[in-house]
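K.L.:
4 protein chains.
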Amino acid sequence: MKTVTSLRTESTIRKKQRKLFPPGRTKIAEALKLLLEEKEFNAITTAEIAKTACVTEALIYKYFKDKRDLLHQVLGEYLEFYISRAEMDLKGIKGSLNKLRKLMWSHINMYSTNRVFAKILLLEVRNYPDYFKSDAYESVKRYSKISLDVIQEGIDNGEIRNDLSPLSIRQIVLGGVEHLCLPGIIFNKEISPDELTEELCELIFHGIAARKDPPKSRPKKGVESGNN
Amino acid sequence: MKTVTSLRTESTIRKKQRKLFPPGRTKIAEALKLLLEEKEFNAITTAEIAKTACVTEALIYKYFKDKRDLLHQVLGEYLEFYISRAEMDLKGIKGSLNKLRKLMWSHINMYSTNRVFAKILLLEVRNYPDYFKSDAYESVKRYSKISLDVIQEGIDNGEIRNDLSPLSIRQIVLGGVEHLCLPGIIFNKEISPDELTEELCELIFHGIAARKDPPKSRPKKGVESGNN
Amino acid sequence: MKTVTSLRTESTIRKKQRKLFPPGRTKIAEALKLLLEEKEFNAITTAEIAKTACVTEALIYKYFKDKRDLLHQVLGEYLEFYISRAEMDLKGIKGSLNKLRKLMWSHINMYSTNRVFAKILLLEVRNYPDYFKSDAYESVKRYSKISLDVIQEGIDNGEIRNDLSPLSIRQIVLGGVEHLCLPGIIFNKEISPDELTEELCELIFHGIAARKDPPKSRPKKGVESGNN
Amino acid sequence: MKTVTSLRTESTIRKKQRKLFPPGRTKIAEALKLLLEEKEFNAITTAEIAKTACVTEALIYKYFKDKRDLLHQVLGEYLEFYISRAEMDLKGIKGSLNKLRKLMWSHINMYSTNRVFAKILLLEVRNYPDYFKSDAYESVKRYSKISLDVIQEGIDNGEIRNDLSPLSIRQIVLGGVEHLCLPGIIFNKEISPDELTEELCELIFHGIAARKDPPKSRPKKGVESGNN
DNA sequence: TATGAATGAGGTTTCATTCAT
DNA sequence: AATGAATGAAACCTCATTCAT
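What follows is the structure in structure tokens.
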């Protein structure tokens, strides 16, 4: 499942950590990431984290306020990386819809290649009030701002309808991305950024209502069942 | 926050329970609902539930396998109610898009009027593998099936584009609904079913691209499977 | 493992119960016996007993003072049966050593054919002070008395050495029986009454020392009391 | 009841523990031993153990897998000590029967001077399947092996009859020891190693039958294995 | 005779967290 | 920077038992 992209991601983050952080801290953060691949955060104990990291439990509390702070910091590091990459992604792209498409692709790709990140963001933090006071949440907001700005730019330059709230558009886009990825994340199935982006953009950009001059009929292929 | 609708819901469920369930069981379920209005499930203790219900903790385990089973059963009861209502909702409506709009409105309305239900479904259960083996999850699938059938019907009768996978459409629609409601649910703000439905349908039905000419037909392929 | 003997045992006891005891009581006692085939007494819950017996837990307390009383009564019923059988067994046998041999065979055979009885007596009750106040314990003492009388008779008639305390002899005999059977009982292996009796009598009657000349008479003093 | 021997035992064990184990662990083990003098294991709560040891209940679970593991470890420590003592005991003794007599004396003496050990071994563990997977059970087997080897040696050198299975002999000897000691252990009465050994050896070595002529040689077959 | 409903009391175990070193 | 030892607090859960009917 790990692609070149994800490996690059990992190693880049690690390089930064090597400079900024003492090795103990890094080992702890890496241990949590490893464990999150297999279990839900609440089911991971500090004892397990310490053992996996080959440090003592006490050390966790040297570097992190508490267990949840560790989670938020791990999430925050990922986010900072993805924010800077999103900013790079947009460079050299013409057209707001093209930019939006690129952002959607990157977003899906990041869920696809970094399941731990996806699980933290979509399943672990939203329940807990602390999260909304964390630095990580600030990063999330900065990240979301990027799409919002692109949408606003599209409205301003006439590429996007001006009779819809940009915020609602952003929510619907994100919702679509998340719900298309969620089954893959929960049940550990492959996620195909290319296909999902294509489908999502087709719908979001043009809607589902059949056109007066209708599209040509095509065979389609669906999912088994599902829901939620 | 409770509207007439939600009250009717509650009392209908209660009537059924009075017949089917011993009073202790009902008191426990109601106690959990009450507590969920204020706290996250993991932060609620069995002691609190028992105290709120004016029963002993032991009784919880007479009626429910464990604490999480209680959550799932509460969720399941809500779902059964909403499923039957969704089926009623569709009666007498002409047009698949009109039906879809109605379903979206009802869905948003149910998040709006029953925050406890919304929190359980969107924030509490998805993390935990047990959920996916629960009866509640089966109900969720039945509920989702309703929208899927409407979408399929729309494709068959030409109201909905046939070049998008119905499953993907369903996921995107649900994703849109959820993400439009999520801020309201998390931060306990008002949710306006009328406005959100309007905005969502406008976007989903017609897309965000400023119109010049109709979209060209494109090949598509849907989400792999799963759900949630 | 069940032999004709054990079946007859069971059915005889059951017939008595049918007369003496209401069906609910019998069902409960039988349920416990059934469960004891698979688990240790403390690991069996009253809920399980009730479910196995197809009665409610409350009924257990109609017929038995508490859970342990149930165990003691079950044990007591077995013991009464085995006592009367031991008395029959001795009739028509000449010679104290022959009688003793017969008792040992019956004893081993009863462990061999009734594992539940064996487990209760050897593993479940001895820990718990209540047992020593129970009727079952009185029966055990009556049962033990039978061997003691035979040993005393043997001493009196010169078949058995008179320089050993009869009580100690009884303890050593019983100890030998138990320890030969214990592995079979604990690990659920076959127990062969014929072979074990043969071996045990050979040793107990004649000793293990390779013979040169007969032992000299010695003064004795035995264990204080007790049994089991 | 504590003799010089038992005190030496205790302090020797304690010395070892002081080196090998953190003080908390030792305090917990000692607390259990203390409590076992007065109550049955199941009647002792972790709360009591902790309180007696002046530590928190949580610490018990740092050092022991669970409550029963604590029991097994305590038993195991005793056993290791007694094994090494049994090995010493045999040194300098000539004759297999003399060695066997010495082992029996030591065995009875250890039940006599260490009632806690006796109760654990004879009354507490045999019921519970976990025991048979514990290290303590492995120690028991090593301990039993010592007598078995002596018996075998006696057979080989002609001191002991060769027509009885050595395993059966060992079982009968152990059974005799246990049953002679059991009343004393259960009812907290004195146990006299000298007298009991004398009586037991007299019987086991020479049998109970009044002598006329030596026994004839017979074929033998023993218990399957096991012990305890 | 038998049950449905409920409970009291406490049991074991878990786990995040701290502090002296 | 890191650890070994220990803890506080409660969490979940179990189970024998009772009582009104």
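Chains as they are written, first to last, in the UniProt record's numbering: chain Y, 1 to 228; chain W, 1 to 228; chain S, 1 to 228; chain F, 1 to 228.
Backbone N, C-alpha and C define an ideal beta-carbon position, used for all residues, glycine too.
Nearest CA to the CA of ASN188 of chain W: which residue from W:LYS119, W:LEU35, W:LEU75?
P.N.:
For the purposes of this step, residue 188 of chain W is taken as residue 188 along the second sequence, with counting starting at 1. The shortest C-alpha separation from ASN188 of chain W is found at W:LYS119.
K.L.:
In this structure, does DSSP put ALA209 of chain F in helix, strand or coil?
P.N.:
The sequence position of residue 209 of chain F within the fourth sequence is 209, counting from 1. ALA209 of chain F falls in the strand class under three-state DSSP.
K.L.:
With 8 Å set as the bound, which would you pick, yes or no: does the beta-carbon of ALA50 of chain F sit closer than that to a beta-carbon of chain S?
P.N.:
Translated into the one-based positions of the fourth sequence, residue 50 of chain F becomes position 50. No, because no Cβ of chain S sits closer than 8 Å to the Cβ of ALA50 of chain F.
K.L.:
What are the boundary residues of the alpha helix (DSSP H) that includes ASN127 of chain S?
P.N.:
Reading the third sequence from its first residue, position 127 is the one you call residue 127 of chain S. Note, ASN127 of chain S: premise wrong, no alpha helix (DSSP H); not H, not E.
K.L.:
Since ASP89 of chain S contacts SER112 of chain S with CB under 8 Å, what's their CB separation in whole angstroms?
P.N.:
The residue labelled residue 89 of chain S in the question sits at position 89 within the third sequence. The residue labelled residue 112 of chain S in the question sits at position 112 within the third sequence. Going by Cβ atoms, the distance from ASP89 of chain S to SER112 of chain S rounds to 15 Å, so no, they are not a contact pair.
K.L.:
Measuring only the C-alpha atoms, how far is LEU167 of chain W from ASP130 of chain Y?
P.N.:
Numbered from 1 along the second sequence, position 167 holds the residue referred to as residue 167 of chain W. Numbered from 1 along the first sequence, position 130 holds the residue referred to as residue 130 of chain Y. So the alpha carbons of these two residues sit roughly 35 Å apart.
K.L.:
Between the C-alpha atoms of PRO183 of chain Y and THR45 of chain S, what's the straight-line distance to the nearest angstrom?
P.N.:
Here residue 183 of chain Y refers to the residue found at position 183 of the first sequence. Here residue 45 of chain S refers to the residue found at position 45 of the third sequence. Each residue's Cα considered, the two are about 42 Å apart.
K.L.:
Considering Cα atoms alone, identify which of F:ILE83, F:ASP163, F:ASN127 is closest to LEU36 of chain S.
P.N.:
Position 36 of the third sequence, counted from the start, is the residue given in the question as residue 36 of chain S. The candidate whose alpha carbon is nearest that of LEU36 of chain S is F:ASN127.
K.L.:
Please go through the same chain and pick out, in chain order, the residues whose beta-carbon is closer than 8 Å to the beta-carbon of LEU71 of chain F, but skip the five residues on each side of it.
P.N.:
Here residue 71 of chain F corresponds to residue number 71 of the fourth sequence, with the count starting at 1. So the qualifying residues of the chain are LEU32, PHE41, ILE120, GLU124, VAL125.
K.L.:
Any Cβ of chain S within less than 8 Å of the Cβ of ILE208 of chain F?
P.N.:
The residue given as residue 208 of chain F occupies position 208 in the fourth sequence. Closer than 8 Å to some Cβ of chain S, the Cβ of ILE208 of chain F qualifies, so yes.
K.L.:
I want to see whether chain Y comes within less than 8 Å of LEU200 of chain W, judged by CB atoms only; does it?
P.N.:
Here the question's residue 200 of chain W lines up with position 200 in the second sequence. True, the Cβ-Cβ gap to chain Y drops below 8 Å.
K.L.:
Locate the alpha helix (DSSP H) running through SER147 of chain W, then write down its first and last residues.
P.N.:
The residue you call residue 147 of chain W lines up with position 147 of the second sequence. Per DSSP, SER147 of chain W belongs to the alpha helix (DSSP H) from 135 to 156.
K.L.:
Consider the Cβ of ARG126 of chain W: report whether some Cβ of chain Y lies at a distance smaller than 8 Å.
P.N.:
On the second sequence, residue 126 of chain W is found 126 positions in, with the first residue counted as 1. Yes, ARG126 of chain W counts as interfacial toward chain Y.
K.L.:
If you follow the alpha helix (DSSP H) that ASP163 of chain S is in, where does it begin and where does it stop?
P.N.:
One-based indexing of the third sequence puts residue 163 of chain S at position 163. No alpha helix (DSSP H) contains ASP163 of chain S, which DSSP labels as neither H nor E.
K.L.:
Would you please verify whether the beta carbon of GLY158 of chain F is less than 8 Å from any beta carbon of chain S?
P.N.:
Within the fourth sequence, numbered from 1, the residue matching residue 158 of chain F stands at position 158. Yes - at least one Cβ of chain S is within 8 Å of the one on GLY158 of chain F.
K.L.:
Cβ atoms of ARG101 of chain S and residue 274 of chain S: under 8 Å apart, would you say?
P.N.:
The question about residue 274 of chain S has no answer here: the residues shown for chain S are numbered 1 through 228.
K.L.:
Decide if the region 48 to 58 of chain W is in contact with the region 77 to 94 of chain W; the criterion is three or more beta carbon pairs, one per stretch, under 8 Å apart.
P.N.:
No: the two stretches stay apart, fewer than three of their Cβ pairs being nearer than 8 Å.
K.L.:
Chain Y beta carbons: is any one of them nearer than 8 Å to that of PHE205 of chain W?
P.N.:
In the second sequence, residue 205 of chain W corresponds to position 205, counting from 1. At least one chain Y Cβ lies under 8 Å of PHE205 of chain W.
K.L.:
Closer than 8 Å is the cut-off here; do at least three beta carbon pairs connect the region 58 to 71 of chain F with the region 147 to 162 of chain F?
P.N.:
No: the two stretches stay apart, fewer than three of their Cβ pairs being nearer than 8 Å.
K.L.:
Since ILE93 of chain W contacts LYS99 of chain W with CB under 8 Å, what's their CB separation in whole angstroms?
P.N.:
Numbered from 1 along the second sequence, position 93 holds the residue referred to as residue 93 of chain W. Numbered from 1 along the second sequence, position 99 holds the residue referred to as residue 99 of chain W. At roughly 5 Å, the Cβ-Cβ gap stays under 8 Å, so ILE93 of chain W and LYS99 of chain W are in contact.
K.L.:
Are the Cβ atoms of MET104 of chain F and CYS201 of chain F separated by less than 8 Å?
P.N.:
Reading the fourth sequence from its first residue, position 104 is the one you call residue 104 of chain F. Reading the fourth sequence from its first residue, position 201 is the one you call residue 201 of chain F. Contact: yes.
K.L.:
Please list, in chain order, the chain F residues whose beta carbon lies closer than 9 Å to that of ASN98 of chain S.
P.N.:
Taking the first residue of the third sequence as 1, we reach residue 98 of chain S at position 98. Those do not exist, as ASN98 of chain S stays about 11 Å from chain F at its closest Cβ, beyond 9 Å.
K.L.:
Count the other CB atoms, across all protein chains shown, that sit within 10 Å of the CB of GLY158 of chain S; report buried if there are 16 or more and exposed otherwise.
P.N.:
Numbered from 1 along the third sequence, position 158 holds the residue referred to as residue 158 of chain S. Its Cβ having fewer than 16 others within 10 Å, GLY158 of chain S is exposed.
K.L.:
Could you pull out every residue in the same chain whose Cβ sits closer than 7 Å to the Cβ of ILE155 of chain Y, ignoring the five residues on either side in sequence?
P.N.:
Counted from its first residue, the first sequence places residue 155 of chain Y at position 155. Contacts found: ASN162, PRO166.
K.L.:
By DSSP, does PHE64 of chain F sit in helix, in strand, or in coil?
P.N.:
By 1-based counting over the fourth sequence, the position of residue 64 of chain F is 64. Looking at PHE64 of chain F - three-state DSSP - the assignment turns out to be coil, as it is neither helix nor strand.
K.L.:
Buried or exposed: which applies to GLU178 of chain Y, given that a residue is buried once 16 or more other Cβ atoms fall within 10 Å of its Cβ?
P.N.:
The residue given as residue 178 of chain Y occupies position 178 in the first sequence. Its Cβ being crowded by 16 or more others within 10 Å, GLU178 of chain Y is buried.
K.L.:
At least one CB of chain W closer than 8 Å to the CB of HIS179 of chain Y: is that the case?
P.N.:
Reading the first sequence from its first residue, position 179 is the one you call residue 179 of chain Y. Yes, its Cβ sits closer than 8 Å to a Cβ of chain W.
K.L.:
List the endpoints of the continuous alpha helix (DSSP H) containing LYS94 of chain F.
P.N.:
Position 94 of the fourth sequence holds residue 94 of chain F. Per DSSP, LYS94 of chain F belongs to no alpha helix (DSSP H) and is neither H nor E.
K.L.:
How is PRO22 of chain Y classed by DSSP in three states: helix, strand or coil?
P.N.:
Taking the first sequence and counting its residues from 1, the one referred to as residue 22 of chain Y is at position 22. Of the three classes helix, strand and coil, the one that applies to PRO22 of chain Y here is coil, per DSSP.
K.L.:
Using three-state DSSP, classify LYS189 of chain S as helix, strand or coil.
P.N.:
Sequence index remark: in the third sequence, residue 189 of chain S carries index 189 (1-based). Coil, per DSSP.
K.L.:
Residues of chain F with a CB under 7 Å from the CB of GLY176 of chain S: which are they?
P.N.:
Residue numbering aside, residue 176 of chain S sits at position 176 when the third sequence is read from its first letter. Here the neighbours are ILE172, GLY175, GLY176.
K.L.:
Using the Cα positions of PRO23 of chain F and VAL74 of chain F, report the straight-line distance between them to the nearest angstrom.
P.N.:
Counted from its first residue, the fourth sequence places residue 23 of chain F at position 23. Counted from its first residue, the fourth sequence places residue 74 of chain F at position 74. Spanning the two alpha carbons is a distance of roughly 15 Å.
K.L.:
Could you name the residues of the same chain whose beta carbon sits closer than 6 Å to that of GLU30 of chain F, not counting the 5 residues immediately before and after it, in chain order?
P.N.:
Counting from one through the fourth sequence, the residue named residue 30 of chain F turns up at place 30. Counting only Cβ-Cβ distances below 6 Å, and skipping sequence neighbours, we find nothing.
K.L.:
Taking 7 Å as the limit between beta carbons, can you name the residues of its chain near VAL116 of chain F, skipping five residues before and five after?
P.N.:
The sequence position of residue 116 of chain F within the fourth sequence is 116, counting from 1. Within the same chain, VAL116 of chain F has close Cβ partners LYS33, LEU36, GLU37.
K.L.:
Under 8 Å between C-beta atoms, does GLY226 of chain Y make it to chain W?
P.N.:
Along the first sequence, one-based indexing puts residue 226 of chain Y at 226. Here the model assigns GLY226 of chain Y a pLDDT of 38, short of 50, so the residue's position is not dependable, and the following value carries that caveat. Output row for GLY226 of chain Y: interface = yes.
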